[in-house]
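Data block below; observations after.
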Amino acid sequence: MNNIKIFKTSFARIYPLYIQKAERKGRTKAEVDAIIFWLTGYDEQTLQQQIDRNSDLETFFAQAPHLNPNVSKITGVICGYRVEQIEDELMQKIRYLDKLVDELAKGKAMEKILRQ
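Numbering-wise (the working numbering), the sequence shown opens with residue -18 and increments by one.
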């Protein structure tokens, strides 16, 4: 799998797609943000800084304040791969975010998405 292209994709380009996916299913931008905050440790200000800098996904995750300690509870299939079995650490983080937004769009309760 050639991951270089996705690693260099701008988070600012992907972020609105996450929001659109959620909103099409009746969810909100605030819920998408809550997922990102939970997963990465960013807050509203630091997330906006990453967007304004047009950071790629590699930089976005490298500069994340901290990855949530409960990420190991994120399991299941996204894009044909089991997230818990993805060997590349950065790809796994990207797929964690994809999986959480997917769960949101499928109507899962925020408490379950955030593994509480």
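Just so you know, even glycine gets a beta-carbon here, dropped at the ideal spot from N, CA and C.
Residue i, enclosing alpha helix (DSSP H) - first and last residue
i: residue 30; result: 25 to 33
Residue i to residue j span [Cα, whole Å]
i: residue -18; j: residue -3; result: Residue placement at residue -18 is poorly supported in this model, since its pLDDT is 49, which falls under 50; the coordinates are not used for a value here.
i: residue 94; j: residue 9; result: 14 angstroms
i: residue 76; j: residue -12; result: 12 angstroms
i: residue 27; j: residue 36; result: 12 angstroms
i: residue 56; j: residue 33; result: 31 angstroms
i: residue -8; j: residue 39; result: 9 angstroms
i: residue 62; j: residue 44; result: 25 angstroms
i: residue 25; j: residue 46; result: 13 angstroms
i: residue 48; j: residue 54; result: 13 angstroms
i: residue 96; j: residue 50; result: 10 angstroms
i: residue 11; j: residue 87; result: 16 angstroms
DSSP bridge partner residues for residue i (one or two, in chain order)
i: residue 63; result: 58
i: residue -9; result: 37
Backbone secondary structure at residue i - three-state DSSP
i: residue 46; result: coil
i: residue 97; result: coil
i: residue 3; result: helix
i: residue 8; result: coil
i: residue -14; result: helix
i: residue 90; result: coil
i: residue 69; result: coil
Integer Cβ distance of residue i from residue j, believed to fall under 8 angstroms
i: residue 31; j: residue 18; result: Residue 31 to residue 18, Cβ: 12 angstroms. No contact.
i: residue 13; j: residue 0; result: 5 angstroms
i: residue 20; j: residue 81; result: 6 angstroms
i: residue 78; j: residue 3; result: Going by Cβ atoms, the distance from residue 78 to residue 3 rounds to 12 angstroms, so no, they are not a contact pair.
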